[in-house]
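Peer 1: Starting off with a structure, shown below.
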Ligand code: ATP
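Residue numbers (full-length UniProt numbering): 2 to 364.
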């Protein structure tokens, strides 16, 4: 059987532990061995005890745990060829011939670069006398499978990334809590949620909490949005609504690419509408906490699929990434998915945005 290395990389996301559990157990079930590579690519570059075999019992209870228990890191060294050369050496020294990477856009780009360079890296390891030709011979191809772990849901080619529904759930709970105070005091709240480039969390939260207004990076509001926003809020208030909620993604901007800051929205509500307005920046509570039921399910089935995909790979198949589309788990080309994601503004659906904005005054 294969020796499968497994790492989580980039920002942590609820469900990453479910992936590790599923990959470890499915690997063992298929007569393979699983190796946890700790601290993301950092562990791959450093080797030594950062790479440890994981057994069935090691991952007991992990399905319910937030974050990632094998650690994650941003690793500058892996961005350089020298770092990837060290990583290749460490894989071979540990006898690892397959790699599962769970992370975001950057992490999967790194995996793709690594695979593309693999043959050249092996040649260099032999040429520099680091390893012998006999040592590298069994590792002619590197099989990599990617898993999309990110709270942002910022990938093309898949309906949901692992972690996004947990983060959305937490955001909705937090906004529900803010509602109570807002309603009690007839206040306005500007709630800032994560999303530097992708407004999926903000959009979904706005629909799910019936927010009054929404700002996301992909849909800059038209000029004069200040009046638009104030007139809707005034209308809602006149109809008896006691609280006002505006959701803003951290990367929201206007048509001139100026950042729309929470503080600015607060000032508009305060100055023009004389609303007692507070800003609530949800911050890292959005990322933490146990995965919701959907992410437990998704991480488990996708982890199983990752091992199946690895075992089915032939030398000519491109590296796959595990996806979910219309409730069906499948695989796509890793390189193509990464490319598509970088070319398109991910998955914002303009119709959903319109609906959010049309229904926003419903309670
Ligand atoms: P998040 O969605 O949370 O931002 P991410 O995976 O996109 O997650 P990054 O910080 O972009 O997070 O990437 C994680 C790590 O992947 C980097 O620290 C680096 O080690 C590696 N990486 C990213 N891009 C590349 C690249 N082009 N070449 C090689 N390695 C890369």
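Ideal Cβ placement from N, Cα and C applies to all residues, glycine included.
Taking the alpha helix (DSSP H) that residue 92 falls in, what are its first and last residues?
Peer 2: Looking at the DSSP string, the run of the alpha helix (DSSP H) that includes residue 92 is 82 to 94.
Peer 1: Would you kindly report the start and end of the unbroken alpha helix (DSSP H) that includes residue 151?
Peer 2: Counting along the chain, residue 151 falls outside any alpha helix (DSSP H), and DSSP gives it neither H nor E.
Peer 1: Does the contact criterion of 3 or more C-beta pairs under 8 angstroms hold for the stretch 159 to 172 versus the stretch 218 to 237?
Peer 2: Result no; under three Cβ-Cβ pairs closer than 8 angstroms.
Peer 1: Just curious, the beta strand (DSSP E) that residue 7 is in, first and last residue?
Peer 2: 4 to 9 is the span of the beta strand (DSSP E), which, as asked, contains residue 7.
Peer 1: Looking at the strands, I want to know which residues DSSP matches up with residue 254.
Peer 2: Residue 254 pairs with 260.
Peer 1: Quick check on residue 103: does DSSP put it in helix, strand or coil?
Peer 2: Strand at residue 103.
Peer 1: Using a Cβ-based criterion (distance less than 7 angstroms to any ligand heavy atom), does residue 289 qualify as near the ligand ATP?
Peer 2: No, the beta carbon of residue 289 sits no closer than 7 angstroms to any heavy atom of the ligand ATP.
Peer 1: Return helix, strand or coil for residue 331, following the three-state DSSP convention.
Peer 2: In the structure shown, residue 331 sits in a strand (DSSP, three-state: E or B).
Peer 1: Taking 7 angstroms as the cut-off, is the C-beta of residue 295 nearer than that to any heavy atom in the ligand ATP?
Peer 2: Checking the Cβ of residue 295 against the ligand ATP gives no.
Peer 1: Compute the Euclidean distance between the alpha carbons of residue 33 and residue 12, then round it to the nearest angstrom.
Peer 2: Approximately 28 angstroms between the Cα atoms of the pair.
Peer 1: Give the single residue among 124, 30 and 68 whose Cα lies nearest to the Cα of residue 136.
Peer 2: Nearest C-alpha to residue 136: 124.
Peer 1: Using the rule of at least 16 other Cβ atoms within 10 Å of the residue's Cβ for burial, across every protein chain shown, is residue 355 buried or exposed?
Peer 2: With fewer than 16 other Cβ atoms within 10 Å, it is exposed.
Peer 1: State the DSSP-derived secondary structure class of residue 140, mapped to helix, strand or coil.
Peer 2: If DSSP states are grouped into helix, strand and coil, residue 140 belongs with the helices.
Peer 1: Mind checking whether the beta-carbon of residue 114 lies closer than 7 angstroms to any heavy atom of the ligand ATP?
Peer 2: It does: the Cβ of residue 114 is within 7 angstroms (strictly closer) of some heavy atom of the ligand ATP.
Peer 1: Does the Cβ-Cβ distance between residue 159 and residue 149 come in under 8 angstroms?
Peer 2: Yes.
Peer 1: Give the straight-line distance between the Cα atoms of residue 15 and residue 73, rounded to the nearest whole angstrom.
Peer 2: C-alpha separation (whole angstroms): 13 angstroms.
Peer 1: If you drop the 5 nearest sequence neighbours on each side, which residues of the same chain put their C-beta closer than 6 angstroms to that of residue 115?
Peer 2: Cβ within range, chain order: 85.
Peer 1: Are residue 24 and residue 207 closer than 8 angstroms when you measure CB to CB?
Peer 2: No, they are not a contact pair.
Peer 1: Looking only at C-alpha atoms, which of 192, 228 and 198 sits nearest to residue 211?
Peer 2: Minimum Cα distance to residue 211 is reached at 192.
Peer 1: In the DSSP output, what is residue 246 paired with across the bridge?
Peer 2: 190.
Peer 1: Residue 310: which of 298, 234 and 324 sits nearest, CA to CA?
Peer 2: Of the candidates 298, 234 and 324, the one whose C-alpha sits nearest the C-alpha of residue 310 is 324.
Peer 1: Nearest CA to the CA of residue 335: which residue from 287, 185, 232 and 104?
Peer 2: The residue with the shortest Cα to Cα distance from residue 335 is 104.
Peer 1: Could you name the residues of the same chain whose beta carbon sits closer than 8 angstroms to that of residue 194, not counting the 5 residues immediately before and after it, in chain order?
Peer 2: Excluding residues within five positions, the ones whose Cβ falls inside 8 angstroms are 172, 202, 203, 206, 248, 249, 250, 251, 283 and 287.
Peer 1: Nearer than 7 angstroms: is that true of the beta carbon of residue 110 relative to any heavy atom of the ligand ATP?
Peer 2: Checking the Cβ of residue 110 against the ligand ATP gives yes.
Peer 1: Under three-state DSSP, which class holds residue 364?
Peer 2: Low per-residue confidence applies at residue 364: pLDDT is 42, beneath 50, and the placement is therefore not dependable, though the value from the model is reported in the following sentence. Note: residue 364 maps to coil in three-state DSSP.
Peer 1: Which residues does DSSP list as the beta-bridge partners of residue 216?
Peer 2: Paired residue(s): 249.
Peer 1: So residue 71 packs on residue 19, CB below 8 angstroms; how close in whole Å?
Peer 2: Contact flag wrong, Cβ pair sits at about 12 angstroms.
Peer 1: Is residue 11 close to the ligand ATP? I mean its beta-carbon at under 7 angstroms from any heavy atom of the ligand.
Peer 2: Under cutoff, so the answer is yes.
Peer 1: Taking DSSP's pairing of strands, which residues face residue 324 in a bridge?
Peer 2: Answer is 331.
Peer 1: Here's the rule: buried if 16 or more other CB atoms are within 10 angstroms of the residue's CB, otherwise exposed. What is residue 258?
Peer 2: Its Cβ having fewer than 16 others within 10 Å, residue 258 is exposed.
Peer 1: Say whether the stretch 47 to 62 touches the stretch 90 to 98, bearing in mind that this needs 3 or more beta-carbon pairs closer than 8 angstroms, one atom from each stretch.
Peer 2: Result yes; three or more Cβ-Cβ pairs closer than 8 angstroms.
Peer 1: Going straight from the alpha carbon of residue 242 to that of residue 332, what length do you get?
Peer 2: Cα to Cα, the separation comes out at about 47 angstroms.
Peer 1: Give the single residue among 267, 329, 152 and 183 whose Cα lies nearest to the Cα of residue 291.
Peer 2: Here the closest residue by C-alpha is 152.
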